[in-house]
Ligand SMILES: Cc1ncc(COP(=O)(O)O)c(C=O)c1O
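Here you go:
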């Protein structure tokens with residue numbers, strides 16, 4: 064078996080996510096044979112440093128020995144059981160631990176199996192909370208440039224035309240308020256107040272990606288926006304949903320991004336890093352006040368009847384507990400601080416290059432925004448291809464190159480990752496859109 068034969072077989076049958084399949088006439092699909100630590104290995108013997116944690120999910124490396132041991136332990140006992148009417152120890156342990164490490168008012172948890180579903184649950188619950196109190200509030204407010212997933216509700220609160228526009232006729236109606244930036248948040252806060260006033264009594268919730276709009280080109284903003292937004296939502300009597308699916312579990316330098324703003328949302332959506340990149344799992348944490356709005360006799364018709372077959376999957380919960388063990392035992396957040404500093408020292412000077420518009424960083428997320436390239440050049444794709452030849456796997460978002468590596472990345476690997484991108488930034492041929 065080699066890359067070519069597997070690629071051909073794959074392309075005979077499979078339609079891949081977020082992919083124009085015709086691209087693979089020119090760009091080889093890469094069959095991965097194994098992963099270990101920060102590296103993935105293909106069938107031709109090449110290895111690649113996974114600088115984006117396989118779509119931001121991998122925290123402690125591929126095929127992590129500790130997580131492997133815990134999944135093996137669990138698989139011998141129970142792999143999965145229906146989660147309605149039954150429960151299991153890994154889910155109970157995980158729920159207890161998550162409630163303990165998230166902000167104080169979040170006391171209850173609802174499990175699902177991917178990030179988009181967690182968003183759907185938070186939207187449905189916030190709408191139904193008001194419905195159960197005889198109020199109809201059909202609107203949700205989100206930020207410009209936001210991304211919350213691909214299911215219909217999640218797409219509707221997102222603001223990326225690339226993913227959303229084609230479905231506009233069949234999506235929920237939502238309203239987007241201006242996004243804050245690192246330089247200015249006042250305009251965004253004023254706009255949010257205006258929107259909430261305009262739609263007074265019609266809005267169930269405001270949904271945000273705290274600190275970093277990841278899929279939206281890694282746009283960043285300050286914690287103070289979230290602190291002030293919390294007050295605005297309270298004054299307007301609407302829920303605040305924090306989508307920490309991408310930024311939770313240490314990505315922004317603290318365990319959860321909302322910690323930096325010193326606030327608690329009404330709903331906190333988590334996924335991706337929750338299982339360290341092993342298993343699909345997501346959850347929504349919320350307050351007792353919200354829980355109580357659904358707690359009544361069955362025949363009152365106020366139950367929250369959302370369900371997914373793999374809700375609270377036992378293996379996934381066991382893996383998530385192993386991930387939390389590593390956070391607790393290895394001082395991950397403290398140790399990451401040094402890596403965050405090194406990434407910052409190495410990437411800051413890149414801002415002086417002619418073809419770099421901005422270098423921005425929040426914790427273990429660092430983005431380099433390019434300038435001077437025509438969108439049709441697909442410069443990000445060229446960076447991807449060239450970096451791959453040097454054993455570095457990046458997946459730029461348009462003209463934004465970013466690093467979001469697993470936390471086990473070493474200082475040497477960080478240096479290699481940045482130096483390869485620096486060389487490509489200096490490469491004249493790339494700027495002319497010609498591959499070497
Ligand atoms: C902020 C945010 N919310 C939601 C999602 C959707 O998660 P999933 O891809 O697991 O459905 C993503 C995925 O990238 C995300 O970045």
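Numbering (the working numbering), first residue to last: 64 to 499.
Just so it is clear, CB atoms sit at the ideal spot from N, CA and C, and this is done for glycine as well.
Since we're looking at a predicted model, the values are computed, not measured.
Local Cβ density within 10 Å of residue i, reported as buried at 16 or more and exposed below that
i           : result
residue 144 : exposed
residue 377 : buried
residue 113 : buried
residue 467 : buried
residue 368 : exposed
residue 139 : exposed
residue 502 : The structure shown does not extend to residue 502, since the chain is modelled only from 64 through 499, so no value can be given for it.
residue 183 : buried
residue 362 : exposed
residue 457 : buried
residue 499 : For residue 499, the pLDDT reaches just 35, beneath the cut-off of 50, and the residue's location in the model is therefore unreliable, although a value from the coordinates is still provided. Answer is exposed; the Cβ neighbour count stays below 16.
residue 221 : buried
residue 163 : exposed
residue 81  : exposed
residue 459 : buried
residue 165 : buried
residue 449 : buried
residue 157 : buried
residue 64  : exposed
residue 149 : exposed
residue 229 : exposed
residue 68  : exposed
residue 278 : buried
residue 72  : exposed
residue 122 : buried
Whole-Å CB distance - residue i paired with residue j, under 8 Å assumed
i           : j           : result
residue 317 : residue 396 : 7 Å
residue 353 : residue 188 : 7 Å
residue 78  : residue 84  : 6 Å
residue 261 : residue 207 : The Cβ separation is near 16 Å, so there is no contact.
residue 199 : residue 276 : Actually they do not touch by this definition, with Cβ atoms about 30 Å apart.
residue 313 : residue 470 : 7 Å
residue 348 : residue 161 : 6 Å
residue 105 : residue 90  : Between residue 90 and residue 105 the Cβ distance is about 14 Å, and since that is not below 8 Å, they are no contact.
residue 273 : residue 320 : 4 Å
residue 203 : residue 270 : 6 Å
residue 462 : residue 405 : That belief does not hold up - the Cβ atoms of residue 462 and residue 405 are roughly 25 Å apart, past 8 Å.
residue 256 : residue 295 : 6 Å
residue 374 : residue 146 : 5 Å
residue 334 : residue 181 : 6 Å
residue 53  : residue 371 : Here the chain comprises residues numbered 64 to 499, so residue 53 is not present and cannot be evaluated.
residue 455 : residue 480 : 6 Å
residue 418 : residue 488 : 6 Å
Range of the contiguous beta strand (DSSP E) that encloses residue i
i           : result
residue 96  : 95–99
residue 103 : 102–105
residue 464 : 463–466
residue 146 : That residue, residue 146, is in no beta strand (DSSP E); it is neither H nor E in DSSP.
residue 86  : It is not in any beta strand (DSSP E) - residue 86 carries neither H nor E in the DSSP assignment.
residue 110 : 110–113
Segment limits, alpha helix (DSSP H) that includes residue i
i           : result
residue 470 : Note, residue 470: premise wrong, no alpha helix (DSSP H); not H, not E.
residue 71  : 66–76
residue 153 : 152–164
residue 128 : 128–138
residue 117 : 116–119
Start-end ranges of the beta strand (DSSP E) lying completely within the region 390–453, minimum 3 residues: 419–425, 428–433
State whether the region 129–143 contacts the region 355–371, with contact taken as three or more CB pairs (one from each stretch) at a distance under 8 Å. no
Just list the alpha helix (DSSP H) runs in the region 207–273, keeping only unbroken ones of 4 residues or longer that don't cross its boundaries, in chain order. 215–220, 224–227, 249–261
Length at least 4, wholly inside the region 290–350: the alpha helix (DSSP H) runs in chain order: 321–324
Within the region 173–205, note down every full beta strand (DSSP E) run reaching 3 residues or more, in order along the chain. none
Is the number of C-beta pairs between the region 154–171 and the region 318–331 that are closer than 8 Å three or more? yes
Taking 8 Å as the threshold, find out whether the region 427–434 comes into contact with the region 239–256 through three or more Cβ pairs. no
With contact counted as at least three CB pairs below 8 Å, one residue from each stretch, are the region 215–222 and the region 282–290 in contact? no
Touching by the beta-carbon criterion (3+ pairs, under 8 Å), the region 402–418 and the region 480–488: yes
Evaluate contact between the region 336–349 and the region 372–386, counting only Cβ atoms and requiring at least three cross-stretch pairs below 8 Å. yes
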